[in-house]
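Participant:
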Amino acid sequence: MPAAGNLIVVSAPKRYPHLHDEHPASVRSQNKMAQPLDLDAYLARINYSGPRTATYDTLAAILRDHNAHIPFESFDVLLGRPIRLDPESLQAKIVTARRGGYCFEHASLMYAALGAIGFNPVRHASRVLLFEPRHESVRQHMFLTVTTGGTTYVVDPGFGPFACPQPIPIDGTPIPTGAPTHRLVREGNDWFLYVARDGEEIQGWVSTMEEEHPVDFEMMNHYIATHPASFFTHNILASAATREGRVNVMNQGVHVIRNGVAEATQLEDRKALRSLVAQHFGFDLPQLETMRVDGVPGWQ
Numbered sequence: 011m012p013a014a015g016n017l018i019v020v021s022a023p024k025r026y027p028h029l030h031d032e033h034p035a036s037v038r039s040q041n042k043m044a045q046p047l048d049l050d051a052y053l054a055r056i057n058y059s060g061p062r063t064a065t066y067d068t069l070a071a072i073l074r075d076h077n078a079h080i081p082f083e084s085f086d087v088l089l090g091r092p093i094r095l096d097p098e099s100l101q102a103k104i105v106t107a108r109r110g111g112y113c114f115e116h117a118s119l120m121y122a123a124l125g126a127i128g129f130n131p132v133r134h135a136s137r138v139l140l141f142e143p144r145h146e147s148v149r150q151h152m153f154l155t156v157t158t159g160g161t162t163y164v165v166d167p168g169f170g171p172f173a174c175p176q177p178i179p180i181d182g183t184p185i186p187t188g189a190p191t192h193r194l195v196r197e198g199n200d201w202f203l204y205v206a207r208d209g210e211e212i213q214g215w216v217s218t219m220e221e222e223h224p225v226d227f228e229m230m231n232h233y234i235a236t237h238p239a240s241f242f243t244h245n246i247l248a249s250a251a252t253r254e255g256r257v258n259v260m261n262q263g264v265h266v267i268r269n270g271v272a273e274a275t276q277l278e279d280r281k282a283l284r285s286l287v288a289q290h291f292g293f294d295l296p297q298l299e300t301m302r303v304d305g306v307p308g309w310q
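End of the sequence shown sits at 310 in this note's numbering; the numbers just go up one at a time, nothing left out.
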């Protein structure tokens, strides 16, 4: 123990160094160790043919096209199939089979793609606040941050019908600027994502912006995909972009949005679900006709 007067001074590290470094060493190391993704096939899947340079314009265009062409869906959870997050499995399911996925799949796929282009994305987790208060919500959502041009953005392709098709600056700038639908607000060590819906602004998720790693998301993914208390093990939640707007599915409820006007309908049965998915989600899944959905009476 040092004698009085002989003080040892230890400099405190920055709390969020990864939010300010475009090329953090830990991310560079992870990108090198990651299994390769067929970038050409992924970009063809999202119909992107623009530059492959690590700039804001490229980031924004890839996020836009990803959201436009890859739907949000979690049917494999209800079908009892494993959800794998490695690039090879994601490529087989989402790129080759042209399926969709939920947040862990979307964000993991985009992480691999952005890393292959030359970005240095960082993984994060959040507590979703749409359906339950913070103290009851587990860390169940995955998103990314990317720093380019000296600005750090949230890139969140897997937030279903609440996803923002543009990168969101962490400095609180509303997106899009004309008619804002998303903005980030920092309160102490927390960042809150606010989402505008039907003229009302609601809290979408909250995150400490701590950097997470694949092992962290394997645990979260396993819980969300298998635990009896998970929303996704009992309910349908799916969303797909269309040329006119979007189609959102919540169990039997369907909202078709065309040119800003929403029309609500109900699915009569699981055969109707299969037909809707084939029409709007871009793939056919025969198992939907017999899929067990505890949240829908008569679909058990």
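Glycine is no exception: its CB is placed at the ideal position from the N, C-alpha and C atoms.
What span of residues does the beta strand (DSSP E) with arginine 137 cover, start to end?
Facilitator: Here the question's residue 137 lines up with position 127 in the sequence shown. Element bounds for arginine 137: 132–138.
Participant: What three-state label does DSSP hand glutamine 101 in the structure shown?
Facilitator: Position 91 of the sequence shown, counting from 1, holds the residue named residue 101. Note: glutamine 101 maps to helix in three-state DSSP.
Participant: From aspartate 226 to arginine 196, what does the alpha carbon distance come to, in whole angstroms?
Facilitator: Here residue 226 is taken as the residue at index 216 of the sequence shown, counted from 1. Here residue 196 is taken as the residue at index 186 of the sequence shown, counted from 1. The straight-line gap from Cα to Cα measures roughly 24 angstroms.
Participant: Which one or two residues does DSSP pair with histidine 151 in a beta bridge?
Facilitator: Translated into positions along the sequence shown, residue 151 becomes position 141. In DSSP, histidine 151 forms a bridge with Ser136.
Participant: Would you be able to state if there are at least three C-beta pairs under 8 angstroms between the stretch 161–172 and the stretch 110–124?
Facilitator: With the cut-off at 8 angstroms, the stretch 110–124 and the stretch 161–172 touch.
Participant: Rounded to whole angstroms, what is the Cα-Cα separation between leucine 73 and threonine 65?
Facilitator: In the sequence shown, the residue the question calls residue 73 occupies position 63. In the sequence shown, the residue the question calls residue 65 occupies position 55. Straight-line Cα distance between these residues: approximately 12 angstroms.
Participant: Between which two residues does the beta strand (DSSP E) harbouring threonine 162 extend?
Facilitator: Position 152 of the sequence shown holds residue 162. Counting along the chain, the beta strand (DSSP E) containing threonine 162 begins and ends at 161–165.
Participant: State the DSSP-derived secondary structure class of glutamine 213, mapped to helix, strand or coil.
Facilitator: Position 203 of the sequence shown, counted from the first residue, corresponds to residue 213. It is a strand residue.
Participant: Should the stretch 125–138 be called in touch with the stretch 147–163, which here means at least 3 C-beta pairs below 8 angstroms?
Facilitator: In short, these stretches touch, since the Cβ pair count reaches three.
Participant: Straight-line CA distance for threonine 236 to aspartate 181?
Facilitator: For this step, residue 236 is matched to residue 226 along the sequence shown. For this step, residue 181 is matched to residue 171 along the sequence shown. In a straight line, the C-alpha of threonine 236 is about 36 angstroms away from that of aspartate 181.
Participant: Put proline 184 into one of helix, strand or coil per three-state DSSP.
Facilitator: Within the sequence shown, the letter at position 174 stands for residue 184. Coil, per DSSP.
Participant: In this structure, how does DSSP classify isoleucine 127 when only helix, strand and coil are distinguished?
Facilitator: What you label residue 127 is simply residue 117 of the sequence shown in a count that begins at 1. If DSSP states are grouped into helix, strand and coil, isoleucine 127 belongs with the helices.
Participant: According to DSSP, which residues form a beta bridge with arginine 108?
Facilitator: The residue labelled residue 108 in the question sits at position 98 within the sequence shown. Beta-bridge pairing links arginine 108 to no other residue.
Participant: Evaluate contact between the stretch 79–90 and the stretch 247–266, counting only Cβ atoms and requiring at least three cross-stretch pairs below 8 angstroms.
Facilitator: Short answer: they touch.
Participant: Roughly how many whole angstroms lie between the Cα atoms of threonine 191 and histidine 134?
Facilitator: Within the sequence shown, the letter at position 181 stands for residue 191. Within the sequence shown, the letter at position 124 stands for residue 134. Roughly 21 angstroms separates the two Cα atoms.
Participant: Ignore the nearest five residues each way along the sequence and tell me which others in glycine 305's own chain have a CB closer than 6 angstroms to its CB.
Facilitator: Position 295 of the sequence shown, counting from 1, holds the residue named residue 305. Hits under 6 angstroms: His244, Asn245 and Asn261.
Participant: Going by alpha carbons, who is nearest to serine 285 out of Val303, Val259 and Gln310?
Facilitator: Within the sequence shown, the letter at position 275 stands for residue 285. Among Val303, Val259 and Gln310, the Cα nearest to that of serine 285 is on Val259.
Participant: Give the DSSP-derived three-state secondary structure of leucine 247 in the structure shown.
Facilitator: Locating residue 247 in the sequence shown gives position 237, where the first residue counts as 1. Residue state, collapsed to three classes: strand.
Participant: Quick one: what does DSSP say arginine 280 is sitting in, helix, strand or coil?
Facilitator: In the sequence shown, counting from the first residue as 1, residue 280 sits at position 270. If DSSP states are grouped into helix, strand and coil, arginine 280 belongs with the helices.
Participant: Among Ala51, Ile267, Leu283 and Glu299, which has the Cα closest to the Cα of phenylalanine 106?
Facilitator: Indexing the sequence shown from 1 puts residue 106 at position 96. For the sequence presented, residue 106 should be read as threonine rather than phenylalanine. Comparing Cα positions, the closest option is Ala51.
Participant: Are there 16 or more other CB atoms within 10 angstroms of the CB of serine 118, so buried, or fewer, so exposed?
Facilitator: Position 108 of the sequence shown, counting from 1, holds the residue named residue 118. Buried: at least 16 other Cβ atoms inside 10 Å.
Participant: Quick check on DSSP: helix, strand or coil for glycine 255?
Facilitator: Within the sequence shown, residue 255 is the residue found at index 245, counting from 1. Glycine 255 falls in the strand class under three-state DSSP.
Participant: Comparing alpha-carbon positions, which option in Gly209, Arg280, Val257 and Met152 lies nearest methionine 230?
Facilitator: In the sequence shown, residue 230 corresponds to position 220, counting from 1. Of the listed residues, the one whose Cα sits closest to methionine 230 is Met152.
Participant: For the beta strand (DSSP E) that phenylalanine 202 lies in, which residues bound it at each end?
Facilitator: Stepping through the sequence shown from its first residue, residue 202 is reached at position 192. Looking at the DSSP string, the run of the beta strand (DSSP E) that includes phenylalanine 202 is 200–207.
Participant: Under DSSP, the alpha helix (DSSP H) around glutamate 228 begins and ends at which residues?
Facilitator: Stepping through the sequence shown from its first residue, residue 228 is reached at position 218. Where glutamate 228 is concerned, the enclosing alpha helix (DSSP H) stretches over 224–236.
Participant: Whole angstroms is fine: what's the gap from aspartate 86's alpha carbon to isoleucine 93's?
Facilitator: Reading the sequence shown from its first residue, position 76 is the one you call residue 86. Reading the sequence shown from its first residue, position 83 is the one you call residue 93. C-alpha separation (whole angstroms): 7 angstroms.
Participant: Which word fits valine 37, buried or exposed, when buried means at least 16 other C-beta atoms lie within 10 angstroms of its C-beta?
Facilitator: Position 27 of the sequence shown holds residue 37. Caution applies to valine 37, whose pLDDT of 40 falls short of 50 and renders its modelled position unreliable; the model cannot decide the point.
Participant: According to DSSP, is threonine 68 helix, strand or coil?
Facilitator: Along the sequence shown, read from residue 1 onward, the residue named residue 68 stands at position 58. It is helical.
Participant: If you reduce the DSSP assignment to three classes, tell me which class phenylalanine 169 lands in.
Facilitator: Along the sequence shown, read from residue 1 onward, the residue named residue 169 stands at position 159. Three-state result, phenylalanine 169: coil.
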